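What follows is a single structure, written as structure tokens, with notes after it.
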Amino acid sequence: MSTEPVTILLAEDDDGHAHLVQRNLERAGYLNGFLRVRDGQELLDCLNSRGDSHSQTLGDALVVLLDINMPRIDGIETLRQIKANPQTHRIPVIMLTTTDDPREINRCYEYGCNVYITKPVDYESFIDAIRRLGLFLQIVQRPRQDLR
Amino acid sequence: MKPRRVTILRKGLLVLALPLAYQALFIGLLMKRQSDHHQSLHWVVHTKDVLMQTDTVYRMLLTSQSNLRAYMLTKDELFTRELAQGSQTIAAELGKLEHMVSDHPKQRDRFTRVFEKARARLDYESWIVGLSKNGEQERVQQELQNLTGQAIMEALSEEIALFRDSEEKLDAERLTALQRSNQTQNSLLLAGLLVNVGIGALAANMFSREISSRIQVVTENTQRISRGEALPSLITGSDEIRELDEQFHLLADHLKSAQLRERIYQEALERRAEELSRANLDLEQKNQEIETFVYSVSHDLRSPLVNLQGFSRELDMARSELDLLLASDLTPEAQRRARVLSQRDMPESVQFIQAAVTRLSHIIDALLRLSRAGRVEYRPELVEVGPVITRIVEAMRGTITTRRAEVSIRPLPSVWADPTALEQIFANLIGNAVNYLDPERPGKIEIGVIERKVDGNEDPVTLYVKDNGLGIAEAYLPKVFAIFQRLHSDVAAGEGVGLALVRRVVERHGGKVWVESTQGVGSTFFVSLPVASSSSPLPVVAPRKERLHSTISHVH
């Protein structure tokens, strides 16, 4: 059974963080379909354009990685909009942030995020978190009817 | 001077004394009546005595007449002695009778006539006896036949009858008088008794009405006090009840003033509570701000740290991999990988680390600046704003020229501020206006003052910095003055501290800063500052700022 390629869409304003995420994903073996945007607005634009003409270029299997602190539209607002839109609400969303404030985590889950990963300063844990993300993505790579 | 008090005791005594006085008066009157009555009684008895005496005298005269006849018939000397003795006794009894009627002139006159007739009769008798003793029998016989003695006796009887009649008439009169006196006395007694009872009842009634009705008023007053109503004017009088009422009025006044005091305290308390709750609300808001601030700071400090650790780890991994590659015989593939490591991955990591370090140091500098803004001691004075703005614009001339911007400065007033702080405020605002100009159109920046009402001299001065730059989205407006909030991070570099700094400085001057903006049209920042030190004194460094500062130095 052939697996559909999963496209990872990362919204992250910090270049370094984006770079680290990408490198570690590559190291874990997820080389295909990685796209990075700088803020929530850009991500939403991207998802909206996918809805019509670019649907094939981005592939159907899509996972969104969202940083919370971003200019213009922040991660939580982006999450809310993704989950409020019937066209995008099925897309799995993984929140990535530097804080571990439980109120904020709760808020993310209330809005419907699928996984919440803190960006720990401890690099080992960070890599571990990315690895776990990789395992999660392997599950997501199954045919679409199994997604939900 | 207080008038003599009429106490309840005195009133009570008065109530007792009134009937007593009447009773004494009545008894006096009664005694007088009694003595009059006795007098009447006496006169009745006296009349009876007079009548009896009259009868006695008459009887004696008749006896004397009999004795004379007996002597004439018997010539017995015994009768002459009897006659002489009777004459003496009659004279004595007549004297008694005269004495008895001496008080009544009419009766005295009548008695005188009776006395004369009696005397005449006695004289006649003794004359006859004398004739008889002398033996002049014919003369005696003649006298007897002449019946002169009989005539004298008849006249005497007539007089006595007259006297007796008039005396009996007197007796009847006096008896009637006595009866009348008796009746009068009885009715007087009855009336006196009734009046006495009436006066007693009236006095008791008056006393009870006077006392009980006023006590009723006082009782009602106590009820009014307990209900908190106003009291009517003081009751009349000067007794204990009046005193009691005065005390109750005093009590009511005390109560009223106590209530007034209580209300004043209550109001003060409420005001204080309101102030406290306002202060509490303010503190809560400040606390919220601090929390947000700490959250932003921790996030912003952790963000570069993630890079520092991540890329130093990357470097380490790249170095070990490179070591491994160098240790083996280098295949072309390994050579290529080693080149990638040394020429791409490692410099990239170093570059990110350097960027992260620079960013951390910028954040810490910005925090220090902000903390200084809350801590530094200001020396406010009246500053002309115009020259300050000119100086700032001149310093930015280079950037302004590069951006092809046009800056216009309107006439500006003087404000009460620290000159350095004022420069800091406007350097930030004008700097922002220049930095966030829209490259699509020629920039226009205007600095001016909002015209005030002529009479509003104490109002704060409101200055503004207006641009036609990128503008701010409405959703983002509330966050503009919060620390580390950056909207156009792609347009200009910065830590997101400038406007937070401006707000802190302005607020420490007792002023306000706010913004009006339309995305794509431009923004106007307003700064209101006091014109005189008195209208809005500079607040001293508040404890919360000290706390904030300590939080910052912790991070530092």
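As given, the protein sequences belong to chains A and B, one line each in that order. The numbering of the first sequence is my numbering, which starts it at 1 and goes up by one. The numbering of the second sequence is my numbering, which starts it at 1001 and goes up by one. C-beta: ideal position from N, C-alpha, C; glycine also. Here the structure is a predicted model, which means the values were calculated and not measured.
query, result
"Between the CA atoms of residue 97(A) and residue 1400(B) - distance to the nearest angstrom", "38 Å"
"Cβ-Cβ distance between residue 1470(B) and residue 1520(B) below 9 Å", "yes"
"Three CB pairs or more closer than 8 Å across the segment 1066-1084 of chain B and the segment 1115-1133 of chain B", "yes"
"Enclosing alpha helix (DSSP H) for residue 1291(B) [first to last residue]", "1240-1327"
"Close beta carbons around residue 1019(B), own chain, < 8 Å, minus the five adjacent residues each side", "1196, 1199, 1200, 1203"
"Same chain, Cβ closer than 8 Å to residue 1096(B), five either side skipped, listed in chain order", "1053"
"Residue environment, residue 1500(B), which counts as buried when at least 16 other CB atoms sit within 10 Å", "buried"
"Residue 2(A) classed as buried or exposed, judged by whether at least 16 other C-beta atoms fall within 10 angstroms", "The predicted position of residue 2(A) is uncertain, since its pLDDT is 42 and thus under 50; a value taken from the coordinates is nonetheless stated next. With fewer than 16 other Cβ atoms within 10 Å, it is exposed."
"Candidates 1101(B), 1508(B), 1277(B): closest to residue 1046(B) by CA position", "1101(B)"
"Sub-9 Å separation of residue 1150(B) and residue 1030(B) beta-carbons", "no"
"Three-state secondary structure (DSSP) of residue 1467(B)", "strand"
"Buried versus exposed, by CB contacts within 10 Å (16 or more), residue 1304(B)", "buried"
"Euclidean distance between Cα positions of residue 1440(B) and residue 1450(B)", "29 Å"
"Reference residue 1178(B), options 1219(B), 1044(B), 1022(B), closest by Cα", "1044(B)"
"Residue 115(A) - DSSP class collapsed to helix/strand/coil", "strand"
"Three-state class that DSSP yields for residue 1481(B) in the structure shown", "coil"
"Presumed contact (8 Å Cβ cut-off) between residue 61(A) and residue 6(A), rounded CB distance", "4 Å"
"Residue burial classification, residue 119(A) (beta-carbon count within 10 angstroms, cutoff 16)", "buried"
"Short CB-CB distance (under 9 Å) between residue 97(A) and chain B", "yes"
"Contact with chain B by residue 16(A), beta-carbon distance below 9 Å", "yes"
"9 Å Cβ cutoff, residue 23(A) in contact with chain B", "yes"
"Cross-chain neighbours of residue 1299(B) in chain A, by beta carbon under 7 Å", "69, 98, 99"
"Proximity test, Cβ basis, 9 Å: residue 1295(B) and chain A", "yes"
"Beta bridge counterpart(s) of residue 93(A) as assigned by DSSP", "64(A)"
"Contact list for residue 1307(B) against chain A, beta-carbon separation under 8 Å", "14, 16, 17, 20"
"contact_flag[the segment 1384-1402 of chain B, the segment 1320-1333 of chain B] where n(CB pairs < 8 Å) is 3 or more", "no"
"Nearest residue (CA-CA) to residue 1431(B), options 1415(B), 1393(B), 1419(B)", "1393(B)"
"Cβ-Cβ distance between residue 79(A) and residue 46(A) below 9 Å", "no"
"Straight-line gap, residue 1561(B) to residue 1467(B) (C-alpha atoms, nearest Å)", "This structure leaves residue 1561(B) out entirely; chain B is present only between 1001 and 1556."
"Candidates 104(A), 64(A), 27(A), of which the one nearest residue 82(A) by Cα", "64(A)"
"Within-9 Å CB hit, residue 1476(B) to chain A", "yes"
"CA-to-CA distance, residue 1350(B) to residue 1325(B), given in whole angstroms", "20 Å"
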